[in-house]
Amino acid sequence: MNEVGESLNFIEHIVEEDLRNGYTKAELRFRFPPEPNGYLHIGHASSICLNFGLGLRYNAPVNLRFDDTNPAKEEQEYVDAIKKDVEWLGYTWDTERYASDYFQQLYDWAVLLIKEGKAYVDSQSSEEMAKQKGTPTEAGIDSPFRNRTVEENLTLFEGMRRGDYEEGTHVLRAKIDMKSSNMLMRDPIMYRVLHKSHHRTNTDWCIYPMYDWTHGESDYIEQVSHSLCTLEFAMHRELYDWFLDQVTDPKKLRPKQREFARRNLSHTVVSKRKLLQLVEQNAVNGWDDPRMPTISGLRRRGFTPESIKNFVNTIGIAKRENLIDVSLLEFHAREHLNKIAPRVMGVLNPLKLVILNYEGEEEWLEAENNPEDETAGFRKVPFSRELYIEQEDFKEEANRKFFRLKLGGEVRLKNGYIIKAESCTKDTEGNILEVLCTYDPKSKSGSGTEESLRKVKGTLHWVSIKHAVEAEVRLYDRLFTDESPDTHKDKDFMEFINPESLKVITGYLEPSLKSAQVGDRVQFQRLGYFCVDPDTTSEKLVFNRTVGLRDVWAKIQQRD
RNA sequence: UGGCCUAUGGUGUAAUUGGCAACACAGCUGGUUUUGGUCCAGUCGUUCUAGGUUCGAGUCCUAGUAGGCCAACCA
């Protein structure tokens, strides 16, 4: 960790305290328990890093456990995607588990509870039961079926399991306390009838256990020491403990549930349900759309696992409400990409520039691949009489703050020569068509001549027109215009979708990029970090902009 | 007319468990630079309120205020 002296988050403090109070290190065990009903997002990354980070810290095993108790929503596709994402982040689970592995054990325990008079079959509609449940401020009332005999309950539950009953006719309920101030303790449902095929158990079962009944018992079966979940489960802890009380052997380790606040990221939503809605309503092009805050979306966007983990570690873990600015995530992307991304030149908004006094056909200039990495080496880039520069890099007239090219002014072409703008041509509407300039042949970069050492304020990137490689470039902006789109009581989050979150343009790139492979990450100098999208084919290169460079000039312009 | 949780700079998280409120990001100034990038230096600014305990309170107690969560055969 850090040399200065590490600071622990509150979960780590709890573990340290448990270690002082009798837990042995060998007893420590954690789990990451996703439901396979959607793709993992940046919020899950926090949970993954927390649990697997604890595993690394204490050299303790961490299970990957799929919480697959609801066959109506869960699919193998999601299981595969989740495993891929966890692996991509760089973590290794001890064993791969499924709550469905425990269906028989759970059933046996449920029978035990019935025999002890602690569970009963209720045969009312969900509406009737909801009515009896009361409200947070009013006690509930007992179900008319609450006092069925053990034999009757056993017979009915066995029938439920056999498939004798239709969905919605019977449920198994824990007999706890309809007057509890905790709504979850008012005889919660343990099993419901569901005649649906399960992605792993197929049609073996037609009753499925509910989350509360399943989760703590699964932790107990796996001997998980610390079961960490988000704050909305805090009220479930009492029930988690109640269910555990019914089955635990005091000689075995008893799991402990603790809750932390989920991380909210600005300008997006971090909820599987809402992300699914974006996918289903085609607001984005799938779960791995680079605008999505999913792990797969961030991967496709060009984020590195390191940048995500660094982000997660700096935002930490706590119990209070939070809204983390997405710019912090972008900072970590830049920080890592700055070290590893080769520099290349590409022009996204081309303006033709002609060097009037350039006599040669072409020449190949030496260019440094990465000034942050001495081992990155050099490459050659072609230079010729006609180049593209960015439209924003030329103005006929501009004040002293503008370091770029203006008529009569000089700039250096990166890795090339110092040029001077002499004139420009325009169409009938006044749009600039091309810039005509002259160059100083003695000013070639790296030549060591007096002229080459001259300081000019501006340096522009460029690309030789006849050598340029065309590519589709996808520029992304925030998916939502509001920093917290799903917290408005009077407005749906879909109303805040940014209509300009994706802009597709054609870029003109230096020819070395012809051989770029899917997933390659580069810095287009002075523009940002880009990566090669999987849509790339042998005929067409496709780049995603991961994140732009920090842009002081944009800020200066904004102020004016 | 309930229960549970939370409150530290603009944002996020710390504070050796009662002992000088710190780190990162963002902002602002300046320096270096063949990327208006990177890097370097400097700077701004914080314990929700009111009482109490204490030599000493961000930390403990009481009350208040504000925010979040709790009534799916979802997880």
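Start counting the first sequence at 2; every next residue gets the next number (the working numbering). Backbone N, C-alpha and C fix where the C-beta goes; we use that ideal spot for every residue, glycine too. Because the structure is a prediction, the values reported are computed rather than measured.
1. Mapping DSSP to helix, strand and coil, what is V553?
2. What three-state label does DSSP hand M346 in the structure shown?
3. Am I right that S226 and R30 are in contact with their C-beta atoms under 8 Å? What's the rounded C-beta distance?
4. Based on Cα-Cα distance, which residue from K197, P189 and S228 lies nearest to M211?
5. Give me, in chain order, the residues of the same chain whose beta-carbon lies closer than 8 Å to that of R405; leave out the 5 immediate sequence neighbours on both sides.
6. Any idea if D493 is buried or exposed, counting beta-carbon neighbours within 10 angstroms, 16 or more meaning buried?
7. Buried or exposed: E88, going by 16 or more other Cβ atoms within 10 Å of its Cβ?
8. Let me confirm a value: L276 is counted as buried when at least 16 other C-beta atoms fall within 10 Å, else exposed. Which label applies?
9. Just to confirm my understanding: we take I433, look at its own chain, exclude 5 residues before and 5 after, and list those with CB closer than 8 Å. What are they?
10. In terms of residue numbering, what span does the beta strand (DSSP E) encompassing I433 cover?
11. Taking the alpha helix (DSSP H) that N148 belongs to, which residues open and close that run?
12. Does the Cβ-Cβ distance between E363 and S385 come in under 7 Å?
13. To the nearest angstrom, how far is the alpha carbon of N339 from that of L550?
14. Within its chain, find whatever has a CB closer than 8 Å to the CB of V5; leave out the 5 residues flanking it on each side and keep chain order.
15. Can you tell me which residues form a DSSP beta bridge with I208?
16. Distance, Cα to Cα, N10 vs G54?
17. For M184, count the other beta carbons within 10 Å of its own beta carbon; 16 or more makes it buried, fewer makes it exposed. Which is it?
18. Tell me V63's beta-bridge partners as DSSP assigns them.
19. Relative to the C-alpha of E387, which residue among D220, G56 and A469 is closest?
20. Short check: CB of S219 to CB of Y103, under 7 Å?
21. Could you tell me whether the Cβ atoms of C50 and K257 are closer together than 7 Å?
22. Would you identify the three-state DSSP class for D123, choosing helix, strand or coil?
23. If you run the structure through DSSP and keep just helix, strand and coil, what is Y241?
24. Using only the alpha-carbon positions, how far apart do N3 and R32 sit?
25. If distances are taken between C-alpha atoms only, which option among W214, P383, D68 and K253 comes closest to I466?
26. Can you confirm whether the region 196-216 touches the region 13-28 when touching is taken to mean that 3 or more C-beta pairs between the two stretches lie within less than 8 Å?
27. Flag this pair as yes or no: are the beta carbons of I43 and P294 separated by less than 7 Å?
28. Take every Cβ of the region 310-320, pair it with every Cβ of the region 243-259, and state whether three or more of those distances are shorter than 8 Å.
29. Check Q518 in the structure and name its three-state DSSP category.
30. Note down, in chain order, each residue of its chain lying with its Cβ closer than 7 Å to the Cβ of M191, except the 5 sequence neighbours on either side.
31. Give the straight-line distance between the Cα atoms of S228 and A334, rounded to the nearest whole angstrom.
32. Across the region 530-548 and the region 503-520, are there enough close Cβ pairs to call them in contact, namely three or more that are closer than 8 Å?
33. What would DSSP say about I222, mapped onto helix, strand or coil?
34. Decide yes or no for the touch test of the region 55-74 against the region 158-171: beta carbon pairs closer than 8 Å, at least 3 of them.
35. Please look up how many angstroms separate the CB atoms of H196 and E168, rounded, as I've assumed it's under 8 Å.
36. Should L324 and N371 be called a contact, given that it needs their Cβ atoms to be closer than 7 Å?
Let me lay it out:
1. Indexing the first sequence from 1 puts residue 553 at position 552. DSSP places V553 in helix when its eight states are reduced to three.
2. Locating residue 346 in the first sequence gives position 345, counting from the first residue. The answer is coil: DSSP assigns M346 none of H, G, I, E or B.
3. The residue labelled residue 226 in the question sits at position 225 within the first sequence. The residue labelled residue 30 in the question sits at position 29 within the first sequence. A Cβ-Cβ distance of about 5 Å is found for the pair S226 and R30, placing them in contact under the 8 Å criterion.
4. Position 210 of the first sequence, counted from the first residue, corresponds to residue 211. With respect to the C-alpha of M211, the residue from K197, P189 and S228 having the closest C-alpha is P189.
5. Residue mapping note: residue 405 aligns to position 404 of the first sequence, counting from 1. Take R405, set aside five residues on each side of it, and the residues of its chain with a beta-carbon closer than 8 Å to its own are E393, D394, F395, K396, A399, V412, G459 and L461, in chain order.
6. As a position in the first sequence, residue 493 is number 492, starting the count at 1. D493 is exposed by the Cβ-count criterion.
7. One-based indexing of the first sequence puts residue 88 at position 87. Burial call: exposed.
8. One-based indexing of the first sequence puts residue 276 at position 275. Burial of L276 is indicated by the presence of at least 16 other C-beta atoms within 10 angstroms of its C-beta.
9. By one-based count along the first sequence, residue 433 stands at place 432. The residues L352, Q392, F395, E397, C425, T426 and K427, in chain order, have a CB closer than 8 Å to that of I433 in the same chain once the five nearest residues on each side in sequence are set aside.
10. As a working note, residue 433 is residue 432 in the first sequence. Annotation for I433: the continuous beta strand (DSSP E) segment containing it runs I433 to Y440.
11. What you label residue 148 is simply residue 147 of the first sequence in a count that begins at 1. Careful: N148 lies outside any alpha helix (DSSP H) and carries neither H nor E.
12. Working through the first sequence from its first residue, we reach residue 363 at position 362. Working through the first sequence from its first residue, we reach residue 385 at position 384. Yes, Cβ-Cβ distance for E363 and S385 is below 7 Å.
13. For the purposes of this step, residue 339 is taken as the residue at position 338 of the first sequence. For the purposes of this step, residue 550 is taken as the residue at position 549 of the first sequence. Looking at the two C-alpha atoms, the distance is approximately 9 Å.
14. Taking the first residue of the first sequence as position 1, residue 5 is located at position 4. Confidence at V5 is low in this model, with a pLDDT of 42, below 50, so its placement is unreliable and no value can be given for it.
15. Translated into positions along the first sequence, residue 208 becomes position 207. I208 pairs with V194.
16. Here residue 10 is taken as the residue at index 9 of the first sequence, counted from 1. Here residue 54 is taken as the residue at index 53 of the first sequence, counted from 1. N10 and G54: Cα-Cα distance of roughly 12 Å.
17. Counted from its first residue, the first sequence places residue 184 at position 183. Classification of M184: exposed, given that the 10 Å Cβ count is below 16.
18. Here residue 63 is taken as the residue at index 62 of the first sequence, counted from 1. For V63, DSSP records a beta bridge to F31.
19. Within the first sequence, residue 387 is the residue found at index 386, counting from 1. In terms of Cα proximity to E387, the closest of D220, G56 and A469 is A469.
20. In the first sequence, counting from the first residue as 1, residue 219 sits at position 218. In the first sequence, counting from the first residue as 1, residue 103 sits at position 102. For S219 and Y103, yes; Cβs fall inside 7 Å.
21. The count along the first sequence starts at 1 and reaches residue 50 at position 49. The count along the first sequence starts at 1 and reaches residue 257 at position 256. In this structure, K257 does not lie closer than 7 Å to C50 by Cβ.
22. Position 122 of the first sequence, counting from 1, holds the residue named residue 123. Strand at D123.
23. The residue given as residue 241 occupies position 240 in the first sequence. Looking at Y241 - three-state DSSP - the assignment turns out to be helix.
24. The residue given as residue 3 occupies position 2 in the first sequence. The residue given as residue 32 occupies position 31 in the first sequence. At N3 the pLDDT is 34, less than 50, meaning the model places this residue with poor confidence and gives no usable figure here.
25. If you number the first sequence from 1, residue 466 lands on position 465. Among W214, P383, D68 and K253, the Cα nearest to that of I466 is on P383.
26. Short answer: they don't touch.
27. Along the first sequence, read from residue 1 onward, the residue named residue 43 stands at position 42. Along the first sequence, read from residue 1 onward, the residue named residue 294 stands at position 293. Yes, they are a contact pair.
28. No, they do not touch.
29. The residue you call residue 518 lines up with position 517 of the first sequence. Under the three-state reduction of DSSP output, Q518 falls in the coil class, being neither helix nor strand.
30. Stepping through the first sequence from its first residue, residue 191 is reached at position 190. The residues A111, A120, L173, R174, A175, P210, M211 and W214, in chain order, have a CB closer than 7 Å to that of M191 in the same chain once the five nearest residues on each side in sequence are set aside.
31. Start at 1 with the first residue of the first sequence, and residue 228 comes out as number 227. Start at 1 with the first residue of the first sequence, and residue 334 comes out as number 333. Straight-line measurement puts the Cα of A334 at about 31 Å from the Cα of S228.
32. Put simply, the region 530-548 touches the region 503-520. At least three CB pairs are less than 8 Å apart.
33. On the first sequence, residue 222 is found 221 positions in, with the first residue counted as 1. DSSP places I222 in helix when its eight states are reduced to three.
34. Output reads no: the region 158-171 does not touch the region 55-74.
35. Counting from one through the first sequence, the residue named residue 196 turns up at place 195. Counting from one through the first sequence, the residue named residue 168 turns up at place 167. A Cβ-Cβ separation of about 6 Å places H196 in contact with E168 under the 8 Å criterion.
36. Looking up residue 324 in the first sequence gives position 323. Looking up residue 371 in the first sequence gives position 370. No. Outside cutoff.
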